[in-house]
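Data first, discussion second: the structure below is written as structure tokens.
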Amino acid sequence: MLNFSLIKIVPAEESLREFSYQVKKVAEGGYVKEIFGWDEAEQRAFHSRDWEQKKPMIISYNGEPIGTIYVAENKDCIEIGQFFIMPEYQKKGIGTYILGQVLDKADRSGLTTKLAYLRNNPVASLYIRHGFKVVESNEIFFFTERSLHNTG
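Counting in this note's numbering, the sequence shown runs from 921 upward without gaps.
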């Protein structure tokens, strides 16, 4: 049983850039490969761009990095992206715990929450459980929103 008080979300330091790439690769790489194929140079270029434009936070457990999440609070919504957890820490409630924290903040702030994920990624069940609904889709992605939930 995990001690959820040991889970922290901290700013990403440059020393964790490679970890951030590797967690994406192991958590989502198989799904990316099914759709696009996996070109290492291209994926590293995407990651470098994302790191500069939308640097994720690091999810740590007991001081060790175990995942990433990007959270942007805009005037009308909170955007979630780059939400990846190392496979050995998946299906232990960590994703539910982290997502719950972000959604609590969205509710307190009076904001809807948006995220997108690859159509072939089974993470959909996590998002559906938390009230996300598909508002748009294409051949590759589901684009979802979760409306504000009453906190009072």
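For each residue, glycine too, the CB sits at the ideal point set by N, CA and C.
Which residues DSSP lists as bridging residue i, in chain order
{"i": "G1001", "result": "Y990"}
{"i": "L1038", "result": "F1061"}
{"i": "R1066", "result": "T1033"}
{"i": "Y981", "result": "I927 and E984"}
{"i": "V1054", "result": "T1064"}
Spatial neighbours of residue i in its chain, beta-carbon cut-off 7 Å, leaving aside the 5 residues before and after
{"i": "E1059", "result": "none"}
{"i": "K928", "result": "S980"}
Outcome for residue i when other beta-carbon atoms lying within 10 angstroms are tallied against a minimum of 16
{"i": "G1030", "result": "exposed"}
{"i": "L1067", "result": "Correcting the residue type first, residue 1067 is Ser in the shown sequence and not Leu. Flag for S1067 reads exposed."}
{"i": "F924", "result": "exposed"}
{"i": "V930", "result": "exposed"}
{"i": "Q1002", "result": "buried"}
{"i": "F1004", "result": "buried"}
{"i": "V943", "result": "buried"}
{"i": "F1062", "result": "buried"}
{"i": "I1048", "result": "exposed"}
{"i": "A911", "result": "The question about residue 911 has no answer here: the residues shown for the chain are numbered 921 through 1072."}
Residues of its chain near residue i, where Cβ-Cβ distance is below 6 Å and the 5 sequence neighbours each way are ignored
{"i": "L1035", "result": "I1000 and T1064"}
{"i": "L922", "result": "K1012"}
Close beta carbons around residue i, own chain, < 8 Å, minus the five adjacent residues each side
{"i": "E948", "result": "F1004, L1038 and N1041"}
Query raised in the report: For the 8 Å Cβ check, are there 3 or more pairs between the region 1017-1035 and the region 931-949?
Result: no
Query raised in the report: Below 8 Å, can you find three or more Cβ-Cβ pairs linking the region 1008-1023 to the region 982-993?
Result: yes
Report task. Tell me, please, whether the region 951-959 touches the region 967-975 by the rule of three or more beta-carbon pairs shorter than 8 Å. Result -> no
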